[in-house]
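These protein sequences, in sequence, are chains A and B. Take the first sequence: its position 107, counting from 1, is numbered 111 in this note's numbering, and each next residue is one higher. Take the second sequence: its position 1, counting from 1, is numbered 5 in this note's numbering, and each next residue is one higher.
Number of protein chains: 2
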Amino acid sequence: MSEAENEWLPQPDVDDIELVKVLQALADPVRLSLLKAYAAGKRFNCSPEELGVAHLHKSTVSHHMKIMREAGLTSTRAVGRNRYVQLRRDDLDARFPGLLDSLLKSLPD
Amino acid sequence: MSEAENEWLPQPDVDDIELVKVLQALADPVRLSLLKAYAAGKRFNCSPEELGVAHLHKSTVSHHMKIMREAGLTSTRAVGRNRYVQLRRDDLDARFPGLLDSLLKSLPD
DNA sequence: GAGGTTGTTGGATGATTGTCAAACGGTACG
DNA sequence: CGTACCGTTTGACAATCATCCAACAACCTC
């Protein structure tokens, strides 16, 4: 049994989260799907099937996750082969009060 | 003196405003500047200077305004040579409650 | 260690986008 | 009427982007 690593993937500091980049990260139907999945608590692994984007290649999903993380939308912890992703709710709410909530309420079914 | 026309430029119906398109329309620094100008009540003419994007060609500004209008963000009334633009506050708030408010509060200076 | 799993990276490609410039079309007003 | 004005449209161009595929790296299990 190897030492369980617990490494956080690089992400911008709270104060460096830019509105334009957040909006750019959200301006894509696939990433809105990911946002919805993350908001629903799906935080374990990145398989396209479980994230509701089964039609996409896994590298494409990885690409979208990177964009969201680098925009400041998500945090990712790498543990072994898995990625544990979660929304940066507190950080986003501190920086853009109410934005995430109204977004999540406005997401299409 | 010619008859003063009062023609509304084409825009989506309230129920047809899509979140993705709204976000795409907002995911650009220039259009965020326009949003800010419109929110501040600058509704008369489309000159790049008065809208705070003096570095851009007038056709570029016209292009951005069209994108915002077709996304459902703005309403435009054409009167003579002028364009009277305003935010669709009520429509946006009906469709995405709280979104516009939190956005406007989050706009950079 | 071998082989299967999970996610990332690089290249390639087609589509979209932001911008400008020039031409165009109404409009206002001498 | 002619000219200046204001915004739109079109074409062109470079840049960015979303996607796939193949190769790779790290990990887990047998």
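Beta carbons are placed, not taken as given, at the ideal position from N, Cα and C, and that holds for glycine. Owing to the predicted nature of the structure, the values given are computational and were not obtained by experimental measurement.
**Q.** Nearest to A:Pro101 (by Cα), restricted to the options B:Gln90, B:Leu111, B:Gln15 and B:Arg99
**A.** Nearest C-alpha to A:Pro101: B:Leu111.
**Q.** Inter-residue spacing [alpha-carbon to alpha-carbon] between A:Glu7 and A:Asp113
**A.** Bear in mind that a pLDDT of 46 at A:Glu7, under 50, signals an unreliable position, so the model cannot answer this.
Q. Whose CA, out of B:Ile21, B:Ala43, B:Val83 and B:Leu13, lies closest to the CA of B:Leu108?
A. Minimum Cα distance to B:Leu108 is reached at B:Ala43.
Q. By how many angstroms is the C-alpha of B:Asn10 removed from the C-alpha of A:Ala81?
A. Checking the sequence shown, residue 81 of chain A turns out to be Arg, not Ala. Going by C-alpha positions, A:Arg81 is about 57 Å away from B:Asn10.
Q: Report the neighbours of A:Lys109 on chain B: residues whose CB is nearer than 9 Å to its CB, in chain order.
A: Against A:Lys109, the close residues of chain B are Phe100, Pro101, Gly102 and Leu103, in the order they occur along the chain (beta-carbon pairs closer than 9 Å).
Q. Cα separation between B:Leu27 and A:Leu55?
A. Using only the alpha carbons, I get a separation of about 21 Å.
Q: Give a yes or no on whether 9 Å exceeds the smallest Cβ distance from A:Arg77 to chain B.
A: The residue asked about is misnamed: residue 77 of chain A is Leu in this sequence, not Arg. Not one chain B Cβ lies under 9 Å of A:Leu77.
Q) Out of A:Cys50, A:Arg85 and A:Ala58, which has the shortest C-alpha to C-alpha gap to A:Met69? A) Residue nearest to A:Met69 within the set A:Cys50, A:Arg85 and A:Ala58 is A:Cys50 (criterion: CA-CA distance).
Q: Please state if the CB of B:Leu77 and the CB of B:Leu96 are separated by a distance shorter than 9 Å.
A: Taking 9 Å as the Cβ cut-off, B:Leu96 and B:Leu77 qualify as a contacting pair.
**Q.** Delimiting residues of the alpha helix (DSSP H) encompassing A:Val89
**A.** Premise fails: A:Val89 lies in the beta strand (DSSP E), Asn86 to Leu91, not in any alpha helix (DSSP H).
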